[in-house]
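**Q** Letter by letter, the sequence shown follows residues 255 to 351 of the working numbering.
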Amino acid sequence: MEERRGHNPLQRPIAVYEMHLGSWMRIPEEGNRMPTYREVAPRPAEYLRRLKFTHVQFLPVMEHPFYGSRGYQVAGYFAPTSRYGTPPCLGMDALTP
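Right under this line is the structure:
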């Protein structure tokens, strides 16, 4: 955060990685299940830092009835999907070094 203080963010380039939590990775040892919010957070952080991405845009994480819609058929605009864990698990910042 200290390093950011000396830079104008409007004059710096950004690189955005668009990510769908349900298809980014699976856990094969446990029946190919989707990871929880907490399980997935540290993995893309290191991967995206190494590739020099500056921002992550998640595809919708709101509750939706049809998995094939990738979250775009929203059923609960203010409810994170329970497919990946509980709402408190979603509130973390794993990309901050």
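C-beta: ideal position from N, C-alpha, C; glycine also. Quantities reported herein were computed from a predicted structural model and do not represent experimental measurements.
1) Might you give, ordered along the chain, the residues of its own chain that have their beta carbon closer than 8 angstroms to the beta carbon of R280, omitting 5 neighbours on each side?
2) Quick one, are the C-beta atoms of T335 and H309 less than 8 angstroms apart?
3) Grab me the residues of V294's own chain with a C-beta within less than 8 angstroms of its C-beta, minus the 5 sequence neighbours each way, in chain order.
4) Using the C-alpha atoms, what's the distance from E284 back to P267?
5) On the CB-based measure, 16 or more other CB atoms within 10 Å of its CB, does R296 come out buried or exposed?
**A** Here's the rundown:
1) Here residue 280 is taken as the residue at index 26 of the sequence shown, counted from 1. Closer than 8 angstroms at Cβ, skipping near neighbours: N286, R287, M288 and P289.
2) Position 81 of the sequence shown, counted from the first residue, corresponds to residue 335. Position 55 of the sequence shown, counted from the first residue, corresponds to residue 309. No, these two residues do not count as a Cβ contact at 8 angstroms.
3) As a working note, residue 294 is residue 40 in the sequence shown. L275, W278, M279 and Y338, listed in sequence order.
4) Here the question's residue 267 lines up with position 13 in the sequence shown. Here the question's residue 284 lines up with position 30 in the sequence shown. P267 and E284: Cα-Cα distance of roughly 40 angstroms.
5) Position 42 of the sequence shown, counted from the first residue, corresponds to residue 296. The question names Arg, but residue 296 is Pro in the sequence shown. With fewer than 16 Cβ atoms within 10 Å of its Cβ, P296 is classed as exposed.
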